[in-house]
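This note's numbering puts the sequence shown at residues 14 to 322.
From the three backbone atoms N, C-alpha and C, an ideal C-beta is built for every residue, glycine too.
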Amino acid sequence: MKRKMILSTGIFIAIMFLFVPLSFSASAKSGKGSLFVSKSADVDKRVPSAQIENKYGVAVIIGNQNYNSEDVPNVDYAVSDARIVKNYVQKALGYRPGNIIYLENATQAQFRTWFGIESDYKAKLYSYLKPDKSDVFVYYSGHGAPDVNTKTGYFVPVDCDPSTVRFNGYSLKLFYDNLAKLPARSITVVLDTCFSGGSEKGMLLKNASPVFIDVKNPLLTMKNACVLTSSTGDQISSWYPAKKHGLYTYYFLKGLQGEADADKDGDVTGGELHNYLCEEVSYMARRLYMREQHPQIMGSKHTEIIKYK
């Protein structure tokens, strides 16, 4: 019997660059050329369908691919990743198009607009929520970088200089702090990025070695929050050129297709998804690049990400 998808009641936060028709789109121009994807991977074609609509679910999907500075390498598959993730959020998780905020090549101002500042967490994301009824999904694909003095992580907007990321990046701690204050029913965060300062095309910080960042995440104390990240704090998050996607995002989507349902009970939890990602991503990173990449999970492993019926 063909299984249908039922969206999870959890807040799924995934940040990544991706393009799919959506209600809100913002982008920043770059002097460097964009990478166009001509062939579709299997995860692009076989998108599950949701049986029920997640009426109040709100998603923020960010794909930062083209950076303004010539000194900051582009993230080749961030936009294609973000686009297909948006497609999954709408079709497989049942989010309304009008509740999906899609940011392509986001600036620091856009991060602040949607996620808030230190003195005010009630940014635009807050205004989209129905208290205690909205699930939040946040996905990000793009560069992350550390502040070498404080060893704290930052998202790298497309207009950011990583050498002064403390002033023109967006703090990972602030991101988690403000999300934890939202009156959401559940929160899931998916980050296909690394905060060590390394990338597929070299270090973002000149004459620096990878930095292990210290992350204090208040979401960990919430029973309805799950954070999934592509690597440890000192590793590089790899690409999967044959599939035209980030390695982590590709297998994340495969997991949503049902590959992560280890016990075949009809739903995929955060723990099941993480176990699947650890096995597949870690193996393929060694096979393709002869290096280690170990996905991480924080928060509740019992959070239901997607349900089949």
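Contacting residues, own chain, Cβ-Cβ under 8 Å from residue i (five flanking each side not counted)
| i | result |
| --- | --- |
| residue 315 | 282, 283, 284 |
| residue 231 | 189, 190, 193 |
Among the options, the one whose alpha carbon lies nearest that of residue i
| i | options | result |
| --- | --- | --- |
| residue 119 | 256, 161, 264, 154 | 154 |
| residue 280 | 295, 319, 58 | 319 |
| residue 4 | 145, 144, 173 | This structure cannot settle anything about residue 4, because the visible part of the chain is limited to 14 through 322. |
| residue 116 | 143, 152, 146, 306 | 152 |
| residue 203 | 311, 92, 177 | 311 |
| residue 95 | 145, 274, 261, 275 | 261 |
| residue 75 | 107, 109, 66, 121 | 121 |
| residue 247 | 164, 199, 278, 170 | 164 |
| residue 108 | 249, 148, 192, 193 | 148 |
| residue 169 | 295, 195, 80 | 80 |
| residue 296 | 264, 187, 277, 64 | 264 |
| residue 139 | 181, 179, 198 | 198 |
Where residue i sits in the DSSP three-state scheme
| i | result |
| --- | --- |
| residue 105 | coil |
| residue 66 | coil |
| residue 140 | helix |
| residue 320 | strand |
| residue 159 | strand |
| residue 204 | strand |
| residue 276 | coil |
| residue 297 | helix |
| residue 11 | Limits of the chain in this structure are 14 at one end and 322 at the other, which puts residue 11 out of reach. |
| residue 80 | coil |
| residue 269 | helix |
| residue 241 | strand |
| residue 130 | strand |
| residue 120 | coil |
| residue 289 | helix |
| residue 249 | coil |
| residue 190 | helix |
Local Cβ density within 10 Å of residue i, reported as buried at 16 or more and exposed below that
| i | result |
| --- | --- |
| residue 46 | Summary for residue 46: the model assigns pLDDT 46, below 50, so the residue's position carries little reliability; its value from the coordinates is reported in the next sentence. Label assigned to residue 46: exposed. |
| residue 99 | buried |
| residue 114 | buried |
| residue 31 | Reliability of the predicted coordinates at residue 31 is poor, the pLDDT of 36 falling under 50, and the value obtained from them is presented with this limitation in mind. The residue in question, residue 31, is buried, as its Cβ has 16 or more Cβ neighbours within 10 Å. |
| residue 175 | buried |
| residue 97 | buried |
| residue 305 | exposed |
| residue 177 | exposed |
| residue 145 | exposed |
| residue 183 | buried |
| residue 206 | buried |
| residue 200 | buried |
| residue 111 | exposed |
| residue 308 | buried |
| residue 66 | exposed |
| residue 278 | exposed |
| residue 162 | exposed |
Sequence-distant residues of its chain with Cβ nearer than 7 Å to residue i (five each side left out)
| i | result |
| --- | --- |
| residue 60 | 100, 101, 104, 105 |
| residue 90 | 252, 257, 258, 259 |
| residue 236 | 313 |
| residue 171 | 41, 43, 77, 79, 80, 81, 118, 119, 120 |
| residue 302 | 251 |
Own chain residues within Cβ distance below 6 Å of residue i, not counting five before or after
| i | result |
| --- | --- |
| residue 143 | 69 |
| residue 244 | 207, 250, 306 |
Check: residue i C-beta below 7 Å from any heavy atom of the ligand SAM
| i | result |
| --- | --- |
| residue 136 | Because no ligand of any kind appears in the structure shown, any question about the ligand SAM cannot be addressed here. |
Please determine if the stretch 286-297 and the stretch 267-277 are in contact, where contact requires at least 3 C-beta pairs separated by less than 8 Å.
-> yes
Between the stretch 236-246 and the stretch 130-140, do at least 3 Cβ pairs fall closer than 8 Å?
-> no
Using 8 Å as the threshold, is the stretch 123-130 in touch with the stretch 85-100, meaning 3 or more CB pairs across them?
-> no
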